[in-house]
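Engineer:
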Amino acid sequence: MERNLIGKMILDEIKNGDVAIIEYPSTFPVHELLWDNLILNFIEEFEVVIDDFFGIGDIMFRTYIRRVSPEKYKMIMENVVGNVKAVKIGPGKVSYSEVIEEIPLTYDLSEFIKLYYPGIREILAKSSKKVIFLTVGLAEYLYFGREKALETIILSRSVLPIEDWTSVYLLNIDLAPEKSVAALEEISPLVIYVSNKGILVKKG
Numbered sequence: 020m021e022r023n024l025i026g027k028m029i030l031d032e033i034k035n036g037d038v039a040i041i042e043y044p045s046t047f048p049v050h051e052l053l054w055d056n057l058i059l060n061f062i063e064e065f066e067v068v069i070d071d072f073f074g075i076g077d078i079m080f081r082t083y084i085r086r087v088s089p090e091k092y093k094m095i096m097e098n099v100v101g102n103v104k105a106v107k108i109g110p111g112k113v114s115y116s117e118v119i120e121e122i123p124l125t126y127d128l129s130e131f132i133k134l135y136y137p138g139i140r141e142i143l144a145k146s147s148k149k150v151i152f153l154t155v156g157l158a159e160y161l162y163f164g165r166e167k168a169l170e171t172i173i174l175s176r177s178v179l180p181i182e183d184w185t186s187v188y189l190l191n192i193d194l195a196p197e198k199s200v201a202a203l204e205e206i207s208p209l210v211i212y213v214s215n216k217g218i219l220v221k222k223g
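The numbering of the sequence shown is this note's numbering, which starts it at 20 and goes up by one.
1. Roughly how many angstroms separate the alpha carbons of Met-94 and Leu-153, rounded to a whole number?
2. Do the CB positions of Ile-25 and Val-213 come within less than 8 Å of each other?
3. In chain order, what residues of the same chain have a beta carbon less than 6 Å from the beta carbon of Ile-108, not counting five sequence neighbours either side?
4. Going residue by residue through the segment 115-181, where are the continuous beta strand (DSSP E) segments of at least 3 residues, counting only ones entirely within it?
5. Checking the sheet assignment: what are the DSSP bridge partners for Lys-222?
6. Considering only DSSP beta bridges, list what Gly-217 is partnered with.
7. One question on the structure: do Leu-57 and Val-155 come within less than 8 Å of each other, judged by their Cβ atoms?
8. Using the C-alpha atoms, what's the distance from Pro-48 back to Tyr-55?
9. By the 10 Å Cβ neighbour count, where 16 or more other Cβ atoms means buried, how is Ser-129 classified, buried or exposed?
10. Counting only runs that start and end within the segment 34-76, where is the beta strand (DSSP E) found for 3 or more residues in a row?
11. Mark Ile-206 as exposed unless 16 or more other C-beta atoms lie within 10 angstroms of its C-beta, in which case mark it buried.
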């Protein structure tokens, strides 16, 4: 299965309220997967929002954009940048998009929801398309926050009205704690492992 089919698989398999997990090792060029595959697959049908922990999404964008051809650079800047939105979570910067919400780093569930949901509500109210959230830097959040971080992520999916959108977690499994990965896999109907050797559908 080719890497460029991952976006199509997600579109075919997941429904509003679902979270799909794309797991990858540290040596995998996830910047290419995010910007060259997922976003380009989703942007016509969906309002694409990046949940960007620690500015990891910005690092991925700059790594990607330095390596594309002049023609691809022009296309990305004209058709993608500006049409993607971002929720900035924790320190770091976002240069690829309008930041619709900026959330201080927290591992407290009630504080996280209080800060996070107003931005989501605004996106849902204004969007004429279905909304998909792509989450990057989640492994770093789980690594630094351990049990409290996992609790915040899991329980926020229980509390928030997730049926109004779709989520995709990009998860570096060399960094994320093993038990956190297991907990997230349990609540996801689609788990895909991607590496330089190929693609494995672990669940779905």
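Virtual Cβ for every residue (Gly too), placed ideally from N, Cα, C.
Structural biologist: Based on what the coordinates show:
1. The residue labelled residue 94 in the question sits at position 75 within the sequence shown. The residue labelled residue 153 in the question sits at position 134 within the sequence shown. Cα to Cα, Met-94 sits roughly 21 Å from Leu-153.
2. In the sequence shown, residue 25 corresponds to position 6, counting from 1. In the sequence shown, residue 213 corresponds to position 194, counting from 1. Ile-25 is a Cβ neighbour of Val-213, given a cutoff of 8 Å.
3. In the sequence shown, residue 108 corresponds to position 89, counting from 1. Shown here for Ile-108: same chain residues with a beta carbon closer than 6 Å to its own, the five before and five after excluded, namely Phe-72 and Ile-122 in chain order.
4. Within the segment 115-181, the complete beta strand (DSSP E) runs of at least 3 residues are 117-122 and 149-155.
5. The residue you call residue 222 lines up with position 203 of the sequence shown. When DSSP reads this structure, Lys-222 sits in a beta bridge with Val-210.
6. By one-based count along the sequence shown, residue 217 stands at place 198. According to DSSP, Gly-217 bridges with Ser-214.
7. What you label residue 57 is simply residue 38 of the sequence shown in a count that begins at 1. What you label residue 155 is simply residue 136 of the sequence shown in a count that begins at 1. No.
8. Here residue 55 corresponds to residue number 36 of the sequence shown, with the count starting at 1. Here residue 48 corresponds to residue number 29 of the sequence shown, with the count starting at 1. Residue identity differs from the one stated: residue 55 is Asp in this sequence, not Tyr. Their backbone Cα atoms lie some 11 Å apart in a straight line.
9. Start at 1 with the first residue of the sequence shown, and residue 129 comes out as number 110. Within 10 angstroms of the beta-carbon of Ser-129 lie fewer than 16 other beta-carbons, which makes it exposed.
10. Correct list: 38-43 and 65-72.
11. Residue 206 sits at position 187 when you count from the first residue of the sequence shown. Burial call: exposed.
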